[in-house]
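Notes follow the structure.
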């Protein structure tokens, strides 16, 4: 047993609220049953089959109010895997659901049998014709695709609010649109072609000139059936008129019946039917979009009205003036948005009836923008605007920061309102459309209906297109509350259809919560055609049953998930999945959402449950140990949920008193530890590399087993050599105090690169700019405390946090001089993360300190005073996650642009997960986290590979085989006389 074994049972929930009605039953504790597990493992390979109970539970939730636990999860790598799974399902009478981002709001990404993950291995974009078109794989997020297109001045038509997380496969499968897409820029209208796999395994590329010929040979009955339905529709003028009318407003309810009218061949019809089919007709393996011009000049305003109907009544005016977006936010939405970073705090006190419109005009140039601004200004004079809070301006602006803040508030609608819901309640997001001319009337009717059923929902939406979303919460564990929700839904659907002839789903697609009401909207004849379409394409019902078509009138009340109360820091989570693309462990173990989902399932169980025991057995490694604790999930979450902080707390809970005492002792004697570490690294340098690396790997391996793997790093040949002595400096005349981080006091720069060390470079370049820095003589033995904080050692963190703040206070003469730190994670640690560990007296001292990252110091203080004498041709950057927290990424680019003709930030740049020493504790974490960025970097040659944190540079060295180093080393070289 290791010397410092984690406390057994430390992760067990302190209070279990179960058994919940939707808990996973005990007989499923063993995970995937036989022979399903063995047969799929033999068919695909065991590494592609996730079968443990923790795997099944973490894939059971999406952004919807539903929860269905699959029997098995398959990680498909290619079309061959997909075809194999479909063939297996046919032969065994099983069901298959495809899942990518899991941002769906209606349960489309959940299955009760075989669930196939088509996100992990399905990302990638190929820009075609200078950006006019783009070939995109289905696991690519909208934001990632648009980042690649932006360099060509182009953008995709669909622009859902979940763009940072939702993937193009899901966007097409749901015909998602968004703020500006309307009915003309959605997937159906901007898709050039797609490749899909039919349930029988036939692969169809709609761009192939021979596609119809090949399909007719492979699926003759399907081709005949599609053409027969097409002829029936076209022979019924009333039905044709009805179908065309239904798509004059936004509509994603049921299958796209206009595909039968727009397509002339079976392949063309199928191309249209696949859009919005929610994975029920086939798997979309690739899409080609016709892109749109990216108009970069904006003119935007957030306009406040006294009521929801008053705001809705103003929408036609802005539509007529050419606004590309008119977004509505009611009082509940505005007040909930104060949890979003940058939203004015005084919105919390807005009157409940207050409603705002976010209006935006876009133009390709400044002249066009100015013309839009003039039109907009004329409209304001006749509006009934109010200013119920000091921050309200009711004015148009082109300031990017202000406009960005408006959009953050709007895009956070689901998460902000969801986070503000009563604890333990389930969130429902509805999405409907009415003719835009009747929007004000629909708003009044919706408010009255909510009041009648005892709901106080939040309302927002794409008012320009008559498309509103509303959110309400209820207790899914209370049968009476479920019935109240059911009664409201029945009344709401009848109101939308019978009074307004609207769409029950405008852009979120049918899903489980609207499937029972499909016939209400479309009528029996059209609905029958949809059932025929499903039977034609998928006669055995293999794909996604009950997701789009369901004859059960209470299907929308089946599978509703309860939300047990978990730790307060993550309890507001609505499981939207916005955090997942940024998580470095997402392709290795779990994501932030999945960590929370697993925790909630533990709370659904009862004491002694075998499911609870199974989840706890996996949670230590899958959730706690392999979390990089970089908290980029907090940045991605619109309401700032920090799952990394919870994982650090869990690490703390696992520590016994002996371990905490040892960590505190190490902090008190850090000077000796630092010296010993430097001597060890220096000694390793003197041993022949092959012998030394093997010896140190063996020694650290033994130590990891004897002490604990989470405490003793594994030696790596990629580790740099020992640091040299710090350069001499003078306090007199210094413009700043320079604090070399302990990592730069222990480790040296990249092997084989000539020139000064990082401390020497910082001192030299500062002197060269006339802004000399001083290194205190007693920096040894001090640290930013991140070593202890990241591992959850509270006592050690308190020791070091107070020590560094007291020292910095003295070094900087009470905050008179800035403290310049040469590792971004250490900058973040001293500037922010030490605060919870400080005594009240030291918090007061800390408030007076000005902590600057050395990159910021260089960009703001040195660059304007330096002469650049030489530049490299190209540089690729690795912005660290700490820089993202600090908002310093633009300064890294500024320094790099002074040193290089071309500067590239990879579109897939993210956290390297080296996380101080976590990359040495769990090398597989860094390997997984850096895979996509590394592929992008190694696809071409660069003259320089630059970052701002030594251990992140080591992580990227390991991932790419290239040599990364501080941008300040390049700056010193570029300005050297």
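Numbering (our numbering), first residue to last: 595 to 1571. By construction, the Cβ of each residue, glycine as well, lies at the ideal position given by its N, Cα and C atoms. Quick caveat: nothing in here was measured; it's all calculated off a predicted structure.
Start-to-end residues for the alpha helix (DSSP H) that takes in residue 1215: Within the chain shown, residue 1215 is the residue found at index 621, counting from 1. Per DSSP, residue 1215 belongs to no alpha helix (DSSP H) and is neither H nor E.
C-alpha gap between residue 1417 and residue 1332, whole angstroms: Reading the chain shown from its first residue, position 823 is the one you call residue 1417. Reading the chain shown from its first residue, position 738 is the one you call residue 1332. Roughly 11 Å between the two C-alpha positions.
Reference residue 1517, options 1356, 1182 and 960, closest by Cα: Position 923 of the chain shown, counted from the start, is the residue given in the question as residue 1517. For the residues 1356, 1182 and 960, the minimum Cα distance to residue 1517 belongs to 1182.
For residue 773, three-class secondary structure by DSSP: The residue given as residue 773 occupies position 179 in the chain shown. In the structure shown, residue 773 sits in coil (DSSP, three-state: anything other than H, G, I, E or B).
Continuous beta strand (DSSP E) assignments of at least 3 residues falling wholly in the region 1034-1094: 1052-1056 and 1061-1068
Length at least 4, wholly inside the region 672-743: the alpha helix (DSSP H) runs in chain order: 673-686
Span of the alpha helix (DSSP H) around residue 902: On the chain shown, residue 902 is found 308 positions in, with the first residue counted as 1. 902-914 is the extent of the alpha helix (DSSP H) around residue 902.
Straight-line gap, residue 1465 to residue 1568 (C-alpha atoms, nearest Å): The residue you call residue 1465 lines up with position 871 of the chain shown. The residue you call residue 1568 lines up with position 974 of the chain shown. Looking at the two C-alpha atoms, the distance is approximately 6 Å.
As assigned by DSSP and simplified to three states, the class of residue 669: Here the question's residue 669 lines up with position 75 in the chain shown. Residue 669: strand per DSSP, three-state reduction.
Nearest-angstrom Cβ-Cβ length linking residue 1510 and residue 1374, presumed shorter than 8 Å: The sequence position of residue 1510 within the chain shown is 916, counting from 1. The sequence position of residue 1374 within the chain shown is 780, counting from 1. About 19 Å; that fails the 8 Å criterion.
Where residue 985 falls, given that 16 or more other Cβ within 10 Å makes a residue buried: Along the chain shown, one-based indexing puts residue 985 at 391. Residue 985 comes out exposed.
Inter-stretch contact (C-beta, 8 Å, three-pair minimum) for the region 1469-1486 and the region 1531-1546: yes
Identified DSSP bridge partners for residue 878: By 1-based counting over the chain shown, the position of residue 878 is 284. Paired residue(s): 790.
Secondary structure of residue 625, DSSP reduced to three states: Here residue 625 is taken as the residue at index 31 of the chain shown, counted from 1. Here residue 625 sits in coil by DSSP.
Whole-angstrom C-beta distance between residue 761 and residue 694, which should lie under 8 Å: In the chain shown, the residue the question calls residue 694 occupies position 100. In the chain shown, the residue the question calls residue 761 occupies position 167. Contact holds; Cβ gap of about 4 Å.
Cβ pair count under 8 Å reaching 3, the region 793-804 against the region 842-858: no
Residue range of the unbroken alpha helix (DSSP H) whose run includes residue 946: By one-based count along the chain shown, residue 946 stands at place 352. Where residue 946 is concerned, there is no enclosing alpha helix (DSSP H), given that its DSSP letter is neither H nor E.
Euclidean distance between Cα positions of residue 959 and residue 638: Position 365 of the chain shown, counted from the first residue, corresponds to residue 959. Position 44 of the chain shown, counted from the first residue, corresponds to residue 638. If I take the Cα positions, the gap works out to 53 Å.
Nearest residue (CA-CA) to residue 877, options 732, 832 and 837: Within the chain shown, numbered from 1, the residue matching residue 877 stands at position 283. Residue 732 is the option with its Cα nearest to residue 877.
8 Å Cβ cutoff met for residue 548 and residue 1023: The structure shown does not extend to residue 548, since the chain is modelled only from 595 through 1571, so no value can be given for it.
Bridge-paired residues (DSSP) for residue 1538: If you number the chain shown from 1, residue 1538 lands on position 944. Paired residue(s): 1469.
Stretch pair the region 987-994 + the region 612-628: three plus CB contacts closer than 8 Å: no
Close Cβ partners of residue 1229 (< 8 Å) along its chain, the five nearest in sequence each way excluded: Within the chain shown, numbered from 1, the residue matching residue 1229 stands at position 635. Answer for residue 1229: 1176, 1478 and 1479, listed in chain order.
Of the residues 1571, 1056 and 998, the one placed nearest residue 924, counting alpha carbons only: Start at 1 with the first residue of the chain shown, and residue 924 comes out as number 330. Measuring from the Cα of residue 924, the nearest candidate turns out to be 1056.
Counterpart residues of residue 748 in DSSP-defined beta bridges: Position 154 of the chain shown, counting from 1, holds the residue named residue 748. Beta-bridge pairing links residue 748 to 887.
Same chain only: Cβ atoms within 6 Å of residue 938, ignoring 5 sequence neighbours per side: The residue given as residue 938 occupies position 344 in the chain shown. Answer for residue 938: 985, listed in chain order.
Cβ-based burial, residue 595 [other Cβ within 10 Å; buried from 16]: Reading the chain shown from its first residue, position 1 is the one you call residue 595. Low confidence applies to residue 595: its pLDDT is 39, below 50, so where it sits in the model is not reliable enough to give any reading.
Range of the contiguous beta strand (DSSP E) that encloses residue 1560: Position 966 of the chain shown, counting from 1, holds the residue named residue 1560. From DSSP, the beta strand (DSSP E) with residue 1560 extends over 1558-1560.
Buried or exposed (CB count within 10 angstroms, at least 16 for buried), residue 750: Here residue 750 is taken as the residue at index 156 of the chain shown, counted from 1. Buried is the call here.
Heavy atom of the ligand GTP within 7 Å of residue 1120 beta-carbon: The ligand GTP is not among the ligands present in this structure, which contains no ligands whatsoever.
Contact under 8 Å by Cβ, residue 1592 with residue 787: One cannot answer for residue 1592 here, as it falls past the ends of the chain, which runs 595 to 1571.
Alpha carbon of residue 1193 to alpha carbon of residue 655, nearest angstrom: Reading the chain shown from its first residue, position 599 is the one you call residue 1193. Reading the chain shown from its first residue, position 61 is the one you call residue 655. So the two alpha carbons sit approximately 12 Å from each other.
Test item: CB-CB of residue 1212 and residue 648 under 8 Å: Stepping through the chain shown from its first residue, residue 1212 is reached at position 618. Stepping through the chain shown from its first residue, residue 648 is reached at position 54. Closer than 8 Å, so yes.
CA nearest to the CA of residue 1581, picked from 1260, 1327 and 1005: Any answer about residue 1581 is impossible in this case: the structure gives the chain only from 595 up to 1571.
Residue 859 versus residue 800: straight-line alpha-carbon distance, rounded: Within the chain shown, numbered from 1, the residue matching residue 859 stands at position 265. Within the chain shown, numbered from 1, the residue matching residue 800 stands at position 206. Their backbone Cα atoms lie some 11 Å apart in a straight line.
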